[in-house]
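Quick note, the sequence shown lines up with residues 38 to 92 if you use our numbering.
Every residue, glycine too, gets a C-beta built ideally from N, C-alpha and C.
Remember, predicted model here, so these are calculated numbers, not experimental data.
In what follows, a single structure is set out as structure tokens and then discussed.
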Amino acid sequence: MWSLEMPNKINFTFSYHYMLLFVMFLYIPLFPQMYLHMFAQRRKILEGNTTKKSK
């Protein structure tokens, strides 16, 4: 249903179902890295707001 076939030999068939499976399997090894990066960015922003000098 969500596949797209191209007429030339050089082109390839794109299956949306297999692409979703591929992306879901990529999340297994990449999720901890992305999650920890999010916490590092959050910490940098939150700590930056508390270190401002007040006059």
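Asked	Found
Through-space distance from V60 to K46, alpha-carbon basis	26 Å
Cα-Cα separation between Q78 and L57, rounded to whole angstroms	28 Å
Cα-Cα separation between Y72 and T50, rounded to whole angstroms	33 Å
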